[in-house]
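A.B. asks: Structure provided below as structure tokens; questions to follow.
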Amino acid sequence: MPRGASMRGLAAAAERLPLQRSLVFLVSDFLFPVAQLKEILDKLWRHDIVPVLLRDAGEDEDLPAWGLVELQDLETGRRRLTVMRPALRDRWRNARQARLAAFDALLKQRARPPFHMVDRFDPDKLTDNLISG
Numbered sequence: 001m002p003r004g005a006s007m008r009g010l011a012a013a014a015e016r017l018p019l020q021r022s023l024v025f026l027v028s029d030f031l032f033p034v035a036q037l038k039e040i041l042d043k044l045w046r047h048d049i050v051p052v053l054l055r056d057a058g059e060d061e062d063l064p065a066w067g068l069v070e071l072q073d074l075e076t077g078r079r080r081l082t083v084m085r086p087a088l089r090d091r092w093r094n095a096r097q098a099r100l101a102a103f104d105a106l107l108k109q110r111a112r113p114p115f116h117m118v119d120r121f122d123p124d125k126l127t128d129n130l131i132s133g
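Under full-length UniProt numbering, read the sequence shown as residues 1 to 133, first letter to last.
Given below as structure tokens:
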């Protein structure tokens, strides 16, 4: 998939929504720049947006302190071999947490509170998120 194709797909989908207010589930791993999320939210301004953030706990928790780690960009398919070490693992985790905090802050301003779906779907947690949001 060419870089940015998923964002173009979200933009195209947003333009096809009806003009009347609708419930829109925005499901993504949100591994794109915050500025692009702002663009999508600008297109969805009239709708009730339920952001669903997909995550794999292993992305943070299963990182070794030392060793070779093969990373793959799931959108481009590009692979890269990286030497993991404690400082890099800490930077990785800190960057991931900062990114999640930035997305959460933006989504709380412009949509319902995001629903974090980690590893598996829990319908009760989604229901709680919809009721409290």
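C-beta: ideal position from N, C-alpha, C; glycine also.
Enumerate, from N- to C-terminal direction, the unbroken beta strand (DSSP E) stretches of 3 or more residues contained entirely within the stretch 7-38.
C.D. replies: Counting only runs of 3 or more, we get 23-28.
A.B. asks: Please classify V50: is it buried, with 16 or more other beta-carbons within 10 angstroms of its beta-carbon, or exposed?
C.D. replies: By the neighbour-count rule (16 or more Cβ atoms within 10 Å), V50 is buried.
A.B. asks: Applying the 10 Å Cβ sphere with the 16-neighbour rule, what's the burial state of N129?
C.D. replies: Classification of N129: buried, given that the 10 Å Cβ count is 16 or more.
A.B. asks: Quick check: K38 and L106, are their CB atoms within less than 8 Å of each other?
C.D. replies: Yes, Cβ-Cβ distance for K38 and L106 is below 8 Å.
A.B. asks: Restricting to Cα atoms, I'd like to know which of V52, P18 and M7 is closest to A111.
C.D. replies: Among V52, P18 and M7, the Cα nearest to that of A111 belongs to V52.
A.B. asks: Nearest CA to the CA of P59: which residue from R46, A35 and D73?
C.D. replies: For the sequence presented, residue 59 should be read as Glu rather than Pro. With distances taken between Cα atoms, E59 lies closest to D73.
A.B. asks: Just how far apart, CA to CA, sit residue 182 and V34?
C.D. replies: Given a span of 1 to 133 for the chain in the structure shown, any question on residue 182 remains unanswerable.
A.B. asks: What residue from V83, L31 and P113 has the CA that sits closest to F25's CA?
C.D. replies: Answer by Cα proximity: P113.
A.B. asks: Starting from F115, trace the beta strand (DSSP E) in both directions and tell me its first and last residue.
C.D. replies: F115 to V118 is the extent of the beta strand (DSSP E) around F115.
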